[in-house]
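Undergrad: The numbering of the sequence shown is the numbering used here, which starts it at 21 and goes up by one.
Backbone N, C-alpha and C define an ideal beta-carbon position, used for all residues, glycine too.
Predicted model, so just to flag it, every value in this text is computed and none were measured.
Handing you this structure, nothing more for now.
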Amino acid sequence: MPVLALVPALVVVTVEQLLQWEYGAAGIVGLLLLTTGIRFNRPGVSSAGAVLLALLVTRPAL
């Protein structure tokens with residue numbers, strides 16, 4: 021059972037580290053807004069996080 025709890029925690033930490041490395045602090049803020057908005061059922065907050073992440077990903081194309 022502890023292994024089943026450890027795997028999602030490792031995935032979350034890995035994703036956070038990759039975002040921090042690739043997109044800096046703005047990537048972490050976008051992920052935090054997105055997950056907080058989804059968790060607390062706040063569509064405005066989750067939309068702001070999704071837009072921020074989308075802008076960070078498409079920045080080189082603009």
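If you reduce the DSSP assignment to three classes, tell me which class ARG62 lands in.
TA: In the structure shown, ARG62 sits in coil (DSSP, three-state: anything other than H, G, I, E or B).
Undergrad: Check whether the Cβ atoms of LEU54 and SER66 lie closer than 7 Å to each other.
TA: In contact: LEU54 and SER66 (Cβ atoms closer than 7 Å).
Undergrad: Take PRO80 as the anchor and find which of GLU42, VAL32, THR34 has the nearest alpha-carbon.
TA: Comparing Cα positions, the closest option is GLU42.
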